[in-house]
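Note that the working numbering numbers the sequence shown so that position 87 is 601, with each residue one more than the last. Here is the structure we will look at.
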Amino acid sequence: MIGLQFYPDKVIQALIKELPNPKWSKEFAMVYIINTKENLNKVFEKFTGVAFINGNSFFREKVIRDNEPACINWYRNRAKTASYKYVPEAYLLKLELKRYALNTCKVYISQFEKFINQYPDKDIVTLSEQEIRGYLQLLIGQKKSNSYIDQSINSIKFYYEVVMGMPNRFYSIERPRKEQKLPQILSKEEIISMIERTNNIKHRSIVSLLYSAGLRRNELLNLELTDIDSKRMTVYIRNPKNNKDRYSLLSEKTLKDLRTYYKQWKPKKYLFESPNGMKYSGKSVGAIVAKAALKANIKRRITPHILRHSFATHLLENGTDLRYIQTLLGHSSTKTTEIYTQVAINNFKLIRNPLDL
């Protein structure tokens, strides 16, 4: 059932009578109606703009993530102009409390500010689903990608549902269908060529480890010296995307490069550090990979994640069980890992092209 609690108010009482078959519960001392999606829609339609709807007792709040607290003080300390609307302080505080990853914080803040600046003369709280749909329609007209639009919806919902405590206020907003794009893959020869054409042993170790352990960029940056286990030939990956620590493979060739790198660069805590001893930057890692690909005469734009895709695909082509690949990549579901079956070409080679028959 959907229970409705409210302070005595004649307008609210009159609107409740218009809901489908409302009844009174003596046990809980509240009005209730049957819990269906249609009825939930009617509750929000009936009271939006009339009363503040607090669904905290009805909806489950998401679990706080186990990430390191993100430092987003830069957003607070920005030089501000009167003509631009900035995210409320409560928005920033809730991102910190929920321990959202730094990249997620950046996306949410940027996307939400674009949304509220589309309606500069309106108070944020008064914006309705109509304004949100109008904004999303604008993004579609600008030919923004489905993922971009999805991020916009998430940033907007975060404010109303999490910051303001109005869960699922906009749950009926239509989301774009997810595009199923196949991952880009490099051949093993191309990857070896990239590794051989890096500028120095540090860059060589970064490219080699990204590929040979199937790491995400942030996972590489979070690696500490103690995470490399040469006895068990494993790499320990902490605080990954799904908050489940895991182990991956350590290549003998990569281990040899890492030992040479350690003697030359002498990192203190993190495996790859900036000159001031802090974590290496993600932007630098991306630039190293892109430059190595350029030197290897690869014409496409290559990112660190393509090395991870290539790691998974090459394992699959070599006959590794899909469940082991899922574990090495840290995927929660085999459905995510199954996409590599569409780009592995080992079975294709067994099929004769009809033109060659």
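No residue lacks a Cβ here, since even glycine has one placed at the ideal position from N, Cα and C.
For residue i and residue j, what's the separation of their Cα atoms in angstroms?
i       : j       : result
Asp-741 : Lys-797 : 22 Å
Lys-612 : Ile-865 : 51 Å
Leu-650 : Ile-663 : 7 Å
Ser-661 : Leu-734 : 24 Å
Val-601 : Gly-648 : 20 Å
Val-545 : Val-677 : 27 Å
Ile-816 : Tyr-725 : 12 Å
Ser-795 : Ser-788 : 7 Å
Gln-527 : Ile-646 : 29 Å
Lys-556 : Tyr-674 : 18 Å
Val-639 : Ile-709 : 53 Å
Lys-863 : Val-857 : 12 Å
Tyr-633 : Ser-624 : 15 Å
Tyr-685 : Glu-541 : Summary for Tyr-685: the model assigns pLDDT 49, below 50, so the residue's position carries little reliability; its value from the coordinates is reported in the next sentence. Going by the C-alpha atoms only, they are around 30 Å apart.
Ile-530 : Phe-520 : 10 Å
Glu-532 : Asn-591 : 49 Å
Asn-631 : Ser-669 : 14 Å
Gln-840 : Leu-729 : 13 Å
Glu-603 : Ser-642 : 21 Å
Val-890 : Glu-610 : The first residue shown for the chain is 515 and the last is 871, placing residue 890 beyond what the model contains.
Thr-562 : Leu-696 : 42 Å
Lys-560 : Asn-549 : 16 Å
Gly-800 : Gln-656 : 28 Å
Glu-852 : Asn-860 : 15 Å
Ile-705 : Leu-830 : 17 Å
His-819 : Arg-731 : 7 Å
Leu-739 : Ser-659 : 39 Å
Lys-524 : Pro-536 : 16 Å
Leu-842 : Phe-626 : 35 Å
Return the residue from the list the options that minimises the CA-CA distance to residue i.
i       : options                            : result
Ser-707 : Leu-821, Asn-867, Arg-590          : Leu-821
Tyr-776 : Pro-602, Cys-585, Ile-720, Lys-540 : Ile-720
Pro-534 : Glu-552, Ser-795, Thr-748          : Glu-552
His-717 : Glu-675, Ala-807, Val-545          : Ala-807
Glu-878 : Ala-727, Lys-658, Lys-556          : For residue 878 there is no data in the structure shown, the boundaries of the chain being 515 and 871.
Leu-653 : Ile-699, Lys-628, Asp-635, Phe-542 : Lys-628
Ser-701 : Thr-562, Arg-814, Leu-529          : Arg-814
Asp-759 : Ser-846, Lys-780, Thr-851          : Ser-846
Leu-554 : Lys-540, Tyr-521, Gly-517, Ala-543 : Gly-517
Ser-471 : Met-515, Lys-636, Pro-781          : Any question about residue 471 goes unanswered here, given that the chain covers just 515 to 871.
Ala-615 : Asn-860, Lys-805, Thr-768, Asn-736 : Asn-736
Gln-665 : Gly-679, Thr-618, Arg-711          : Thr-618
Met-747 : Lys-793, Arg-773, Pro-536, Ser-762 : Ser-762
Lys-805 : Ile-547, Tyr-589, Ile-667, Asn-713 : Asn-713
Lys-608 : Arg-773, Gly-679, Pro-781, Leu-764 : Gly-679
Use the C-beta contact count for residue i: other C-beta atoms within 10 angstroms, 16 or more gives buried, fewer gives exposed.
i       : result
Asp-771 : buried
Val-803 : buried
Ala-596 : exposed
Ala-826 : buried
Lys-671 : buried
Tyr-598 : exposed
Val-577 : In this predicted model, Val-577 has a pLDDT of only 49, less than 50, meaning its place in the structure is not dependable enough to derive any value.
Gly-833 : exposed
Tyr-838 : exposed
Phe-566 : exposed
Val-749 : buried
Leu-869 : exposed
Put residue i into one of helix, strand or coil per three-state DSSP.
i       : result
Val-639 : helix
Leu-869 : helix
Tyr-622 : helix
Tyr-662 : helix
Ser-492 : With the chain running from 515 to 871 in the structure shown, residue 492 is simply not present.
Ser-539 : strand
Ile-706 : helix
Ile-859 : coil
Leu-696 : coil
Gly-679 : coil
Gly-728 : coil
Ile-567 : coil
Leu-842 : helix
Val-601 : coil
Leu-821 : helix
Tyr-546 : strand
Leu-518 : strand
Glu-532 : coil
Gln-632 : coil
Gly-655 : helix
Arg-837 : helix
Thr-827 : helix
Tyr-614 : coil
Ile-720 : helix
Glu-852 : helix
Subject >> Sequence ranges, alpha helix (DSSP H) only - wholly within the region 736 to 819, length at least 4 >> reply: 766 to 779, 796 to 809
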